[in-house]
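**Student:** Line by line, the protein sequences give chains A and B. So in our numbering, spot 90 of the first sequence is number 1542, and the numbers just go up one at a time. So in our numbering, spot 10 of the second sequence is number 142, and the numbers just go up one at a time.
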Amino acid sequence: MKVKFFPFFLSLIFVLIFIVFYKGLNKSNIYAPDNIIEKKVPSFSGKLFNQEKEVTSSEIFAEKKFYLVNIWASWCIPCREEHSLLMELNKMKNLEIIGINYKDKTDNAKSFLNELKNPYDLIILDKNGTISIEWGAYGVPETFLISDKNIIKKIIGPLNTDSLSEIKDLVK
Amino acid sequence: MKFIKFFLTLLILFNFNLAKAENENLKNEITKNLRCLICQGQSIYDSDSEFANSLKSLVKQKLDDGYKEKEIYDFLKDKYGEWILYEPEFNKNTYFLWLLPILMFLIGGAIIFKLFILKKN
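(1) Assess contact between the stretch 1511 to 1528 of chain A and the stretch 1593 to 1602 of chain A, defined as three or more Cβ pairs (one per stretch) separated by less than 8 Å. Is contact present?
(2) Quick test of your reading: Asn1522 (chain A) and Leu1538 (chain A), contact by CB under 8 Å. State the CB separation rounded to the nearest angstrom.
(3) Put Asn1522 (chain A) into one of helix, strand or coil per three-state DSSP.
(4) Whole angstroms are fine: how far does the CA of Ser181 (chain B) sit from the CA of Lys1555 (chain A)?
(5) Tyr1590 (chain A) touches chain B at which residues, Cβ-Cβ below 7 Å?
(6) Determine the DSSP secondary structure at Asn1502 (chain A), reduced to helix, strand or coil.
(7) Whole-angstrom Cβ separation of Pro1530 (chain A) and Gly1581 (chain A), contact assumed at under 8 Å?
(8) Compute the distance between the beta-carbons of Ser186 (chain B) and Ile1575 (chain A), then report whether it is under 7 Å.
(9) What residue does the beta strand (DSSP E) around Ile1549 (chain A) start on, and which one ends it?
(10) Which bits of chain A does Gln193 (chain B) rub up against, with CB to CB less than 7 Å?
(11) How many whole angstroms separate the CB atoms of Glu1594 (chain A) and Asp1573 (chain A), which I take to be in contact at a CB cut-off of 8 Å?
(12) For a contact meaning CB atoms closer than 7 Å, what does Lys1555 (chain A) contact in chain B?
(13) If we count the other Cβ atoms within 10 Å of its Cβ and call it buried at 16 or more, is Thr1508 (chain A) buried or exposed?
(14) Give a yes or no on whether the minimum CB-CB distance between Lys224 (chain B) and chain A is below 7 Å.
(15) Expressed to the nearest angstrom, what Euclidean distance is found between the alpha-carbon atoms of Ala1514 (chain A) and Ile1603 (chain A)?
(16) To the nearest angstrom, how far is it from the Cα of Ala184 (chain B) to the Cα of Trp230 (chain B)?
(17) Counting only Cβ pairs nearer than 9 Å, list the residues of chain B close to Ile1603 (chain A).
(18) Please classify Ile1471 (chain A) as buried or exposed, where buried requires at least 16 other C-beta atoms within 10 Å of its C-beta.
(19) Starting from the N-terminal side, write out each stretch of the beta strand (DSSP E) that is 3 residues or longer and does not extend beyond the stretch 146 to 177 of chain B.
(20) Return the first residue and the last residue of the alpha helix (DSSP H) that Glu1618 (chain A) is part of.
(21) Among all the DSSP beta bridges, which residues are the ones paired with Ile1603 (chain A)?
(22) Of the choices A:Ile1619, A:Leu1611, A:Thr1558 and A:Ser1563, whose alpha-carbon is the least far from that of Asn1502 (chain A)?
(23) Near Ser1615 (chain A), what residues of its chain come up, given a Cβ to Cβ distance below 7 Å and the 5 sequence neighbours on each side ignored?
(24) Would a check of beta-carbon distances place Ile1585 (chain A) closer than 7 Å to chain B?
(25) Taking Ile1575 (chain A) as part of the beta strand (DSSP E), name the residues at either end of that continuous run.
(26) Using only the alpha-carbon positions, how far apart do Ile258 (chain B) and Phe1460 (chain A) sit?
(27) So if DSSP puts Ile1497 (chain A) in a beta bridge, which residue, or which two residues, is it bridged to?
(28) Compare the C-alpha of Leu217 (chain B) against each of B:Tyr227, B:Leu232, B:Lys224 and B:Glu201 and name the closest.
(29) Going by the DSSP bridge assignment, what does Leu217 (chain B) pair with across the sheet?
(30) Taking Tyr218 (chain B) as the query, report the chain A residues whose CB atoms sit under 9 Å from its CB, ordered along the chain.
(31) Straight-line CA distance for Lys1543 (chain A) to Glu1618 (chain A)?
In structure tokens:
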């Protein structure tokens, strides 16, 4: 009995380990953030850029139209690349672009906007990055499309021509 | 009277410092349990990335607002998913993970019991 039990137990363990590792082999070990989300706009409050005024999220997203929230910083190189696309989106009538200025110096942000023009209808300051965390952001740049207080699209990284046309289709 | 006043002020100051230190300790403990999502292999506590630093200040802010440890975990889980927590939750995906060590322990115990104790008797 003893002799039979051990080989059986040992092989059972090996089979078990083999199954676990074999299954793990086909699984991706790179963590990809969820892009498909249907979440409500987070509640936050922040200071406005260039103004000594605090605004809350319910004040910003009060109207029933499309909002594009873009997290940016003057020190972020990809933000420079996507800036022309934001300028193009700025032309759309029923889309309001809201910038979140992430961990930036006000002077640098100002000269960034002076140099490349300002596509934002409103800019909120995020000096310590906590507002971006409320949005579930990973870094800069990141863009959220909001309709009726729901986040309907999230773009991690800079915008490109594909995401631009996607946004245009959604907003139409 | 003066002495009592002095003593009371000292006591209050001392207590406030303690409360603050406690929050700081709790902040460190929480950030050690959070995974830095953009720098894999490091906790938020270990990392010095912008993302980790933002999270550190958020945890501090939440603690100051009176959030409990679990509420902070739930908040972040809602924002970033369960992956941000180092300790996996007990659900149908992780039954095996959590129960395997206990199972091994019980089987091992049974083998020892059978081989040594029953044999002796």
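Cβ coordinates follow ideal geometry from the N, Cα and C atoms, glycine included. Just so it is clear, the structure is predicted and the values come from calculations on it, not from any experiment.
**Tutor:** Per the coordinate set shown:
(1) yes
(2) With a Cβ gap of about 6 Å, Asn1522 (chain A) and Leu1538 (chain A) count as contacting.
(3) DSSP, read as helix, strand or coil, puts Asn1522 (chain A) in strand.
(4) 12 Å
(5) Leu169, Ile170 and Phe183
(6) coil
(7) Contact flag wrong, Cβ pair sits at about 17 Å.
(8) no
(9) That run of the beta strand (DSSP E) goes Leu1547 to Tyr1554.
(10) Thr1582
(11) Going by Cβ atoms, the distance from Glu1594 (chain A) to Asp1573 (chain A) rounds to 18 Å, so no, they are not a contact pair.
(12) Glu182
(13) With fewer than 16 other beta carbons inside 10 angstroms of its own, Thr1508 (chain A) counts as exposed.
(14) No, because no Cβ of chain A sits closer than 7 Å to the Cβ of Lys224 (chain B).
(15) 14 Å
(16) In this structure, the alpha-carbon of Ala184 (chain B) lies about 28 Å from that of Trp230 (chain B).
(17) None at all; the shortest Cβ gap to chain B is about 11 Å.
(18) exposed
(19) none
(20) Taken as a continuous stretch (DSSP letters only), the alpha helix (DSSP H) holding Glu1618 (chain A) covers Thr1613 to Val1623.
(21) Ile1603 (chain A) pairs with A:Lys1491 and A:Ile1598.
(22) A:Thr1558
(23) Ile1607
(24) yes
(25) Leu1574 to Asp1578
(26) Not covered by the structure: residue 258 (chain B). The range shown for chain B is 133 to 253.
(27) It should be pointed out that residue 1497 (chain A) corresponds to Ser in this sequence rather than to Ile. According to DSSP, Ser1497 (chain A) bridges with A:Thr1508.
(28) B:Glu201
(29) B:Leu166, per the DSSP bridge assignment.
(30) Neighbours of Tyr218 (chain B) on chain A: none; closest Cβ ~13 Å, over 9 Å.
(31) 16 Å
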